[in-house]
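Asker: Protein sequences appear in the order of chains A and B. Each position in the first sequence, counted from 1, maps to that position plus 22 in our numbering. Each position in the second sequence, counted from 1, maps to that position plus 361 in our numbering.
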Amino acid sequence: MIVRNGDEATAVISPPKPPPVSVAASLRTLSIFAGSVALALVVHLIVARNEPPLEMRFYTIFLGSVLLIAVITAPAQILWARLRQFRQNLHPILTAAAFLLCLWEIITSGVRLLPLPYFPSPAKVLHSLITDRMLLFDSTWHSLLLLLSGYAFGVIAGLITGLCIGWSPPVRYWGMPLLKVVGPIPATAWIPLAMVVSPSTMFSAVALIALAVWFPVTMLTASGISNTRASYLDVARTLGAGRGYLIFRVAVPAALPNIFIGLFMGLGASFLTLVVAETVGVKSGLGWYVSWAQGWAEYGKVFAALVIMAGFFSTIMTVLFKVRDRMLVWQKGVIKW
Amino acid sequence: MVMTPDAEGSTLQLRDVRKSFPDPGDPVNRRLVLSGISVSLAAGELVSLIGPSGCGKSTLLRLIAGLETPDSGELLIGSEAIRRPSAERGLVFQDPNLFPWLTVRRNIEVGLVARGLLQEKKTEVDEFMRLVELEAFANAFPHHLSGGMAQRVALARALINHPKVLLLDEPLGALDAFTRMRMQDEVLRLWSARRSTTLLVTHDIDEAIYMSDRIIIMTPRPGRIDQIILVHLGRPRHRSNPEFLQLRGEILELLHFAGGERMKSGKAHAPIM
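#1: Can you list, in chain order, the residues of its chain with a C-beta nearer than 7 Å to that of ILE586/B? Leave out the 5 residues immediately preceding and following it.
#2: Please classify TRP189/A: is it buried, with 16 or more other beta-carbons within 10 angstroms of its beta-carbon, or exposed?
#3: Using a C-beta to C-beta distance shorter than 7 Å, which residues of chain A count as neighbours of GLY405/B?
#4: Work out the CA separation of TYR311/A and GLY266/A for me, nearest whole Å.
#5: Give me the residue from ASP530/B, LEU473/B, GLY508/B with the minimum Cα distance to ILE411/B.
#6: Applying the 10 Å Cβ sphere with the 16-neighbour rule, what's the burial state of ASP347/A?
#7: Against chain B, does ARG259/A count as a neighbour if the rule is that its beta carbon must be under 7 Å from one of theirs?
#8: Can you have a look at GLU449/B and say buried or exposed, based on whether 16 or more other CB atoms are within 10 angstroms of its CB?
#9: Nearest to SER419/B by CA position, among VAL592/B, PRO583/B, ALA475/B, LEU594/B, is which residue?
#10: Hey, is ARG444/B's beta-carbon within less than 7 Å of any beta-carbon in chain A?
#11: Is the beta carbon of ILE231/A less than 7 Å from the beta carbon of GLY172/A?
#12: Under the rule that 16 or more other beta-carbon atoms within 10 Å means buried, what is TRP163/A, buried or exposed?
#13: Mind reading off the beta-carbon distance from ALA519/B to GLY451/B? Whole number of angstroms is fine, and I expect it under 8 Å.
#14: Taking only the alpha-carbon atoms, compute the straight-line gap between HIS593/B and HIS617/B and give it to the nearest angstrom.
#15: Check whether the Cβ atoms of ALA276/A and THR301/A sit closer than 7 Å, and answer yes or no.
#16: Which same chain residues end up closer than 6 Å to LEU473/B when comparing Cβ atoms and leaving out the 5 residues on each side of it in sequence?
#17: Just the Cα atoms here: how many angstroms apart are SER557/B and PRO532/B?
#18: Out of ARG106/A, PHE80/A, PRO199/A, VAL93/A, which has the shortest C-alpha to C-alpha gap to VAL47/A?
#19: Can a CB atom of chain B be found closer than 7 Å to the CB of VAL43/A?
#20: Quick check: the Cα distance between ARG259/A and ARG598/B, rounded to an integer number of angstroms?
#21: Give a yes or no on whether 7 Å exceeds the smallest Cβ distance from GLY262/A to chain B.
#22: List the residues of chain A that ARG476/B touches, going by C-beta distances under 7 Å, in chain order.
#23: I need the boundaries of the beta strand (DSSP E) containing GLN588/B, first residue and last residue.
#24: Just checking: is the beta-carbon of GLY439/B within a distance shorter than 7 Å of some beta-carbon in chain A?
#25: Is VAL562/B helix, strand or coil by DSSP?
#26: Across which residues does DSSP place PHE382/B in a beta bridge pair?
#27: When the Cα atoms are used, what is the spatial distance from VAL351/A to TRP462/B?
#28: Measuring CB to CB, does LEU255/A end up less than 7 Å from SER165/A?
#29: Within 10 Å of its beta-carbon, does LYS305/A have 16 or more other beta-carbons around it, so buried, or fewer, so exposed?
#30: If we ignore side chains and look at the alpha-carbon of each, how far apart do MET217/A and GLY197/A end up?
#31: Contact defined as beta carbons within less than 8 Å: I believe GLY288/A pairs with GLY180/A. What is the distance between those atoms, to the nearest angstrom?
#32: Could you check the C-alpha separation between PRO524/B and LEU437/B for me, to the nearest Å?
#33: Using a Cβ cut-off of 7 Å (strictly closer), state whether PRO461/B contacts chain A.
#34: Classify ASP387/B: buried if its beta carbon has 16 or more other beta carbons within 10 angstroms, exposed otherwise.
#35: If you measure between the beta carbons of LEU169/A and LEU296/A, is that distance less than 7 Å?
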């Protein structure tokens with residue numbers, strides 16, 4: 023059915039004049055994608071016969087609508103070059119994703135290769151995702167608040183201490199040993215202590231995330247600042263720059279590539295600390311949701327939360343990449359991104 | 362010697378300047394780099410400084426810039442002693458050292474921003490962009506520039522402060538021969554437009570003769586002034602003029618690089634003391 027549709031579309035444009043190669047090629051690749059989605063749908067319909075139909079319908083609708091979109095965009099992309107470009111780039115990865123979903127369903131609901139309550143089929147995960155969306159949304163919101171407040175405090179503190187250690191030799195002398203000894207302790211190792219001393223779990227979670235972020239940000243900021251090329255500072259001095267200019271207009275921009283490495287490392291550390299903190303102490307958020315769902319043996323929900331986490335964390339990472347791309351635009355062409 | 366009443370430059374006097382650095386190989390004694398340097402530059406004069414590497418030319422420039430302090434001796438701009446770096450003494454290195462995170466225009470503006478004068482002197486930025494013929498690259502980042510262009514930006518960046526003294530530390534050393542000769546004319550053009558008192562460190566004897574009013578020849582370790590040669594040629598100069606060539610021969614002879622007999626006698630690389 024799908025292949026014929028693709029052929030028809032080609033036939034429509036071929037008579038007036040020979041189509042550009044890219045159109046024909048993209049239609050071919052498109053039919054492969056639509057085919058893979060159709061395959062996933064067929065497999066799903068066969069496998070789902072033995073499952074409760076109510077839990078299956080979202081996934082059926084989901085695959086059906088993806089298939090529909092694939093079929094509809096086929097003629098649309100003939101007219102719209104940008105869409106064609108977009109689809110051509112994404113096509114292999116989307117096809118692979120469809121095959122993966124298909125495979126997942128076969129080995130879970132299909133042949134039951136994996137122990138069942140722990141490894142639900144994609145249909146069950148989607149069902150949990152949709153039926154429990156309010157709680158998941160609420161958990162994501164709480165995770166976001168906790169993450170951002172912890173990250174913000176950690177970054178601010180890290181930039182300040184990093185700047186002081188990097189710029190001032192006396193601060194470096196006293197601060198660096200402390201940083202080297204205390205810094206590498208994983209923030210999560212402080213959890214038992216944090217539980218005892220802090221007034222609230224929320225407060226201790228923010229502090230722990232901030233601590234996890236603070237160390238790499240401080241380290242990389244300090245090394246970036248102290249490695250500022252001496253000749254940049256010399257030039258700025260002979261141009262009449264005072265201390266403020268030297269620090270904030272020379273050393274900081276020179277250190278910015280390093281600082282961003284620290285920000286990325288800190289972000290990774292903050293994800294880890296966030297989930298651990300939510301699992302053991304905080305009574306909200308995605309980490310809490312996962313352990314709560316696991317307590318009820320609702321593994322569909324566990325996986326649903328993991329899917330949300332993947333999207334959530336990678337979106338935040340992408341945002342940080344975008345910020346870096348804007349701020350370090352001058353590096354384009356100097357280094358490989 | 363050139364003296365023009367409209368020079369932006371100021372006199373520069375060094376009196377018995379001495380400078381040593383800690384010797385990494387010898388914890389007790391310090392390594393003497395400059396010893397008893399005394400010289401005066403007239404306002405608006407362009408003087409070259411040549412000598413073998415390690416004779417302290419760059420250190421001397423850093424002392425005048427205020428980036429280093431002398432062990433003893435006096436450095437005076439007009440009648441004022443040099444204590445710290447200031448915008449009145451511009452320094453240009455062999456590496457242009459443009460800030461890679463700023464566009465060409467912003468690089469040129471650095472001196473004005475640092476002194477909080479950007480608002481009132483905004484038009485001057487355009488003027489300097491024009492002067493070094495870089496208007497088309499105003500919004501380019503430094504890594505898009507060729508070596509000569511980058512060095513022109515570095516010159517404009519130093520000149521926008523209207524320095525009384527301009528210190529050039531082999532600014533054309535990294536350029537290829539053709540770019541170098543073009544840039545020599547460029548520097549001369551900028552110098553004659555503004556008449557900052559200019560001290561140019563170079564390794565190139567032709568460059569020294571072509572550009573300067575006087576040439577200071579230094580001896581190595583510790584650096585001392587060996588000779589000061591007055592370049593009595595009119596401007597603009599011609600590189601193949603007989604007088605030019607004769608002067609070139611004399612200086613080569615002084616530096617024991619003339620070749621011929623000395624080569625055979627094995628004194629070609631004897632240090633000048």
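Virtual Cβ for every residue (Gly too), placed ideally from N, Cα, C.
Answerer: Inspection of the coordinates gives the following:
#1: As a first step, residue 586/B is located in the second sequence; it is residue number 225 there, counting from the start. Cβ contact annotation for ILE586/B (same chain, cutoff 7 Å, sequence separation greater than five): ILE398, VAL400, ILE577, MET579, in chain order.
#2: The sequence position of residue 189/A within the first sequence is 167, counting from 1. Answer is buried; the Cβ neighbour count reaches 16.
#3: Counting from 1 along the second sequence, the entry for residue 405/B is found at position 44. Under the 7 Å cutoff, chain A gives no residues; its nearest Cβ is about 20 Å from GLY405/B.
#4: For the purposes of this step, residue 266/A is taken as the residue at position 244 of the first sequence. For the purposes of this step, residue 311/A is taken as the residue at position 289 of the first sequence. Using only the alpha carbons, I get a separation of about 47 Å.
#5: Within the second sequence, the letter at position 50 stands for residue 411/B. Closest by C-alpha distance to ILE411/B, out of ASP530/B, LEU473/B, GLY508/B, is ASP530/B.
#6: Sequence index remark: in the first sequence, residue 347/A carries index 325 (1-based). Exposed.
#7: Start at 1 with the first residue of the first sequence, and residue 259/A comes out as number 237. Contact with chain B is found for ARG259/A, since one of that chain's Cβ atoms lies less than 7 Å from the residue's Cβ.
#8: Walking along the second sequence from the start, residue 449/B turns up at place 88. It is buried - the Cβ of GLU449/B has at least 16 other Cβ atoms within 10 Å.
#9: As a working note, residue 419/B is residue 58 in the second sequence. Out of VAL592/B, PRO583/B, ALA475/B, LEU594/B, PRO583/B has the C-alpha closest to the C-alpha of SER419/B.
#10: In the second sequence, the residue the question calls residue 444/B occupies position 83. Not an interface residue.
#11: Here residue 231/A refers to the residue found at position 209 when the first sequence is read from its first residue. Here residue 172/A refers to the residue found at position 150 when the first sequence is read from its first residue. Taking 7 Å as the Cβ cut-off, ILE231/A and GLY172/A qualify as a contacting pair.
#12: Counting from 1 along the first sequence, the entry for residue 163/A is found at position 141. Classification of TRP163/A: exposed, given that the 10 Å Cβ count is below 16.
#13: Taking the second sequence and counting its residues from 1, the one referred to as residue 519/B is at position 158. Taking the second sequence and counting its residues from 1, the one referred to as residue 451/B is at position 90. Cβ-Cβ separation between ALA519/B and GLY451/B: approximately 3 Å, consistent with a contact (criterion under 8 Å).
#14: For the purposes of this step, residue 593/B is identified with residue 232 of the second sequence, where counting begins at 1. For the purposes of this step, residue 617/B is identified with residue 256 of the second sequence, where counting begins at 1. Looking at the backbone, the Cα of HIS593/B and that of HIS617/B are separated by about 22 Å.
#15: Taking the first residue of the first sequence as position 1, residue 276/A is located at position 254. Taking the first residue of the first sequence as position 1, residue 301/A is located at position 279. With respect to THR301/A, ALA276/A sits apart: the two C-beta atoms are not nearer than 7 Å.
#16: Within the second sequence, the letter at position 112 stands for residue 473/B. Cβ neighbours of LEU473/B beyond the five flanking positions: LEU479, LYS482.
#17: Numbered from its first residue, the second sequence carries residue 557/B at position 196. Numbered from its first residue, the second sequence carries residue 532/B at position 171. PRO532/B has its alpha-carbon roughly 16 Å from the corresponding atom of SER557/B.
#18: If you number the first sequence from 1, residue 47/A lands on position 25. With the sequence shown as reference, residue 47/A is identified as Ala, and Val is not the correct amino acid for it. Of ARG106/A, PHE80/A, PRO199/A, VAL93/A, the residue nearest in Cα terms is ARG106/A.
#19: For the purposes of this step, residue 43/A is taken as residue 21 along the first sequence, with counting starting at 1. Residue confidence for VAL43/A is low, a pLDDT of 48 falling below 50, so the modelled location carries little weight and cannot support an answer.
#20: Looking up residue 259/A in the first sequence gives position 237. Looking up residue 598/B in the second sequence gives position 237. If you take the alpha carbons of ARG259/A and ARG598/B, they lie about 35 Å apart.
#21: The sequence position of residue 262/A within the first sequence is 240, counting from 1. At least one chain B Cβ lies under 7 Å of GLY262/A.
#22: Along the second sequence, one-based indexing puts residue 476/B at 115. In chain order: GLY262.
#23: Counting from 1 along the second sequence, the entry for residue 588/B is found at position 227. Start and end: 585 to 591.
#24: Taking the second sequence and counting its residues from 1, one reaches residue 439/B at position 78. Not one beta carbon of chain A lies nearer than 7 Å to the beta carbon of GLY439/B.
#25: Numbered from its first residue, the second sequence carries residue 562/B at position 201. DSSP places VAL562/B in strand when its eight states are reduced to three.
#26: For the purposes of this step, residue 382/B is taken as the residue at position 21 of the second sequence. Under DSSP, PHE382/B forms a beta bridge with ARG392/B.
#27: Position 329 of the first sequence, counted from the first residue, corresponds to residue 351/A. Position 101 of the second sequence, counted from the first residue, corresponds to residue 462/B. When rounded, the distance between both Cα atoms is 8 Å.
#28: For the purposes of this step, residue 255/A is taken as the residue at position 233 of the first sequence. For the purposes of this step, residue 165/A is taken as the residue at position 143 of the first sequence. For LEU255/A and SER165/A, no; Cβs fall outside 7 Å.
#29: Numbered from its first residue, the first sequence carries residue 305/A at position 283. Exposed, by the Cβ-count rule.
#30: One-based indexing of the first sequence puts residue 217/A at position 195. One-based indexing of the first sequence puts residue 197/A at position 175. The alpha-carbon atoms of MET217/A and GLY197/A are separated by roughly 27 Å.
#31: On the first sequence, residue 288/A is found 266 positions in, with the first residue counted as 1. On the first sequence, residue 180/A is found 158 positions in, with the first residue counted as 1. Taking 8 Å as the upper bound for CB-CB distance, GLY288/A and GLY180/A are in contact here, some 7 Å apart.
#32: By one-based count along the second sequence, residue 524/B stands at place 163. By one-based count along the second sequence, residue 437/B stands at place 76. If I take the Cα positions, the gap works out to 14 Å.
#33: As a working mapping, residue 461/B is identified with position 100 in the second sequence. Cβ-Cβ to chain A under 7 Å: yes for PRO461/B.
#34: Residue 387/B sits at position 26 when you count from the first residue of the second sequence. Around the C-beta of ASP387/B, fewer than 16 other C-beta atoms lie within 10 Å, and the residue is accordingly described as exposed.
#35: To locate residue 169/A, count along the first sequence from 1; it is residue 147. To locate residue 296/A, count along the first sequence from 1; it is residue 274. Judged by their CB atoms, LEU169/A and LEU296/A are nearer to each other than the 7 Å cut-off.
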